[in-house]
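Q:
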Amino acid sequence: METELFVRYGPALLYGFGITILCWLVGSIGGVIVGFLLACLNRWGPRFIGWVIYAYVEVIRGTPFMIQLFILYYGGPYIGLLLTPVQAGIISFIIYGSPYFAEIFRSGFNAIPKGQIEAARCVGLPESRILWRIILPQMLVPITAPLTNFFIILTKETAILSVVTVPELLFQTQTMAAETFTFVEPFLVLSLFYWLMVVVTGWIGARVEQRVTRHLKRA
Amino acid sequence: MSNEPMTTKADDAIITVRNLSKYFDDFEALRDITLDVKRSEVLCLIGPSGSGKSTLLRCLNFLEQYDGGEVHLDGELIGWKDISHNPRKPLSSEALRKQRQHIGMVFQHFHLWPHMSALDNVAEALMSVRKLTKKEAREKAMTALTKVHLEDKAQNYPANLSGGQQQRVAIARAIAMEPRVMLFDEPTSALDPELVGEVLSVMKDLAAEGMTMVVVTHEMGFAAHVADRVAFLDSGRLVTCVPPQEMFGREPDDARVRSFLQTYRERNVV
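If you're matching them up, the sequences are chains B and C in order.
Going by the working numbering, the first sequence wraps up at 219, each residue one higher than the last.
Going by the working numbering, the second sequence wraps up at 270, each residue one higher than the last.
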């Protein structure tokens, strides 16, 4: 292992790691928000919106992320949408993630027994309060694991952003490998960075799950 | 209070049901039900399963949209904004919410919110609907829990309560809102036999305090001893509505009532 190489490329790798985390966090949190709104619209909105959302989910889930990214980044300018690589990366991440998140939320909504919602209506709770106080806290129980899972999957999907020259981790690593003709070491370090993100995400997910299932433990 | 229990004075009634009908697609769940519930009265709805008892109860607070006829609470039409047009126009969810605050409901399967303590289950609507502060709401919730003898279980989650205790929390949740009437949908049917008594005893206390109650039940003992009147439904129709002495005391005239009650007589329930 040539440590001197990493001293030289360390800053670039760390910068790449930062860009990766930026795209991943903003993209997937944006995906969660859009996905949640889609799931809410699907549940409470008019029927034709449900059909539009259904089509959106099918198209996005049915095509590879890389193609969506290409279309947005290289096709965008044709309709006047000029994006920097990072912007394109984040937006395509939101577009790609939101249908999966929407489906996770949909299954979460369905997991709440109808009777509990009737009981809430019977004491006069407003619908917004029912969503906030009755549905959301409980749907965290069934959806935390799939949400964590998908966040983890997305950590590694960030590597695809390198194809539109987002200066993220893989892009920096490839640059380093090409310039120094070393391959094993840079990619081992790259893996370490992804592994770190996955471990932290998994740990946070486990803590959240512990917190939201507190009430299910019998004393 | 009227000395003539057999006559129905209109102004005496808190709930009036007129020519109520309800369809589930092509299935006629309720046909032409006309019924009054008087103030402070306990009315039990009995009948075979599928006879429409629960559907009738759920029409009273518009959990089921009835298709024909009218339900009034204190003179106010429940659920519909306009019945002169076809199709009928339902009330806004805001207006419906206001009506439902006056109608307490207790379900067969309790439907407590499992992620909240017993106390918070009761306090929730006091805060978000009655707009009490957290402290006031919790005090009031505690009073309601004391009424159902669960003050020492206030901090428990529903998972750590027995079925009977959960149902009593559900009753506390409803009475804390000080409703004008209470609806019970088979409140003891999901309970182990030894837990039925504690729930019925809380209901008896409520009745003694003058709460107007409509109770769908298979507990003929409760109907015989606590109800002021007992209504028998069969195939979506109201067969008869009489004081319990008449329902249980002598051989019923109607063959359907006779055969229904026979199954209980065989088990020495009434």
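Glycine residues also receive a C-beta, built at the ideal position from the N, C-alpha and C atoms.
Can the beta-carbon of residue 93 (chain B) be found less than 8 Å from the beta-carbon of residue 28 (chain B)?
A: yes
Q: So which residues of chain B does residue 157 (chain C) contact, with C-beta pairs closer than 7 Å?
A: Simply 215.
Q: Could you tell me how far apart the beta carbons of residue 124 (chain B) and residue 101 (chain C) are, in whole angstroms, since I believe they sit closer than 8 Å?
A: 4 Å
Q: From the beta carbon of residue 114 (chain C), is the nearest beta carbon of chain B less than 8 Å away?
A: yes
Q: Is any beta-carbon of chain C found at less than 8 Å from that of residue 61 (chain B)?
A: no
Q: Please classify residue 54 (chain C): is it buried, with 16 or more other beta-carbons within 10 angstroms of its beta-carbon, or exposed?
A: buried
Q: For a test of the three-state rule: what should DSSP assign to residue 5 (chain C), helix, strand or coil?
A: For residue 5 (chain C), the predicted model reports a pLDDT of 44, less than 50, meaning its position is unreliable; a value from the coordinates is still stated below. The three-state reading of DSSP puts residue 5 (chain C) in coil, since its state is none of H, G, I, E or B.
Q: Do residue 214 (chain C) and residue 45 (chain C) count as a contact pair if the criterion is CB distance below 8 Å?
A: yes
Q: Cα separation between residue 60 (chain C) and residue 138 (chain C)?
A: Using only the alpha carbons, I get a separation of about 29 Å.
Q: Considering only C-alpha positions, which residue in the set B:67, B:89, B:7 and B:42 is nearest to residue 30 (chain B)?
A: B:89
Q: Please identify the residue among C:39, C:116, C:128 and C:14 whose C-alpha is closest to the C-alpha of residue 72 (chain C).
A: C:14
Q: Please name the residue, chosen from C:39, C:238 and C:163, that lies closest to residue 179 (chain C) on a Cα-to-Cα basis.
A: C:39
Q: Verify the CB distance criterion: does residue 231 (chain C) have a CB-CB separation below 8 Å to chain B?
A: no
Q: Do you know offhand how far residue 107 (chain C)'s Cα is from residue 266 (chain C)'s?
A: 28 Å
Q: Can you list, in chain order, the residues of its chain whose CB lies under 6 Å from that of residue 232 (chain C), leaving out five sequence neighbours each side?
A: Here the set comprises 46, 47, 239, 240 and 257.
Q: Could you tell me the distance, in whole angstroms, from the CA atom of residue 147 (chain C) to the CA atom of residue 122 (chain C)?
A: 12 Å
Q: Taking buried to mean at least 16 other C-beta atoms within 10 Å of its own C-beta, is residue 183 (chain B) buried or exposed?
A: exposed
Q: To the nearest angstrom, report how far apart residue 79 (chain C) and residue 109 (chain C) are at their CA atoms.
A: Take the alpha-carbon of residue 79 (chain C) and the one of residue 109 (chain C): they are about 24 Å apart.
Q: For residue 272 (chain C) and residue 226 (chain C), which I take to be in contact (beta-carbon distance under 8 Å), what is that distance rounded to the nearest angstrom?
A: The displayed coordinates of chain C run from 1 to 270. Any statement about residue 272 (chain C) would go beyond what the structure contains.
Q: Where does residue 109 (chain B) fall in DSSP's three states?
A: Residue state, collapsed to three classes: helix.
Q: Would you mind reading off the limits of the beta strand (DSSP E) that contains residue 105 (chain C)?
A: 103-106
Q: For residue 76 (chain C), write down the residues that DSSP places opposite it in a beta bridge.
A: C:73
Q: Return yes when the Cβ of residue 108 (chain B) is within less than 8 Å of the Cβ of residue 64 (chain B), no when it is not.
A: no
Q: Could you tell me how far apart the beta carbons of residue 172 (chain C) and residue 144 (chain C) are, in whole angstroms, since I believe they sit closer than 8 Å?
A: 4 Å
Q: What residue range does the beta strand (DSSP E) around residue 29 (chain C) cover?
A: 27-38
Q: Which runs of the alpha helix (DSSP H) fall wholly inside the stretch 171-222 of chain C and span at least 4 residues, in chain order?
A: 193-208
Q: Can you tell me whether residue 27 (chain C) is buried or exposed, with buried defined as 16 or more other CB within 10 angstroms of its CB?
A: exposed
Q: Leaving out the 5 sequence neighbours to the left and right, which residues in its chain are closer than 8 Å to residue 139 (chain B) when beta-carbon positions are compared?
A: 105, 108, 109, 111 and 112
Q: Any residues in the stretch 57-79 of chain C with a beta carbon nearer than 7 Å to a beta carbon of chain B? Which ones, in chain order?
A: Per Cβ criterion, the list reads 61 and 63.
Q: Any C-beta of chain C sitting closer than 8 Å to the C-beta of residue 119 (chain B)?
A: yes
Q: Per the contact definition of three or more C-beta pairs closer than 8 Å, is the stretch 126-137 of chain C in contact with the stretch 158-169 of chain C?
A: no
Q: For chain B, check one thing: does any of its Cβ atoms lie closer than 8 Å to the Cβ of residue 148 (chain C)?
A: no
Q: Note the first and the last residue of the continuous beta strand (DSSP E) segment covering residue 242 (chain C).
A: 237-242
Q: Between residue 67 (chain B) and the rest of its own chain, which residues show a CB-CB distance below 7 Å, the 5 nearest in sequence each way excluded?
A: none
Q: Strictly under 8 Å for the Cβ-Cβ distance: is residue 129 (chain C) near chain B by that measure?
A: yes
Q: For residue 35 (chain C), is the classification buried or exposed, using 16 other Cβ atoms within 10 angstroms of its Cβ as the cut-off for buried?
A: Burial call: buried.
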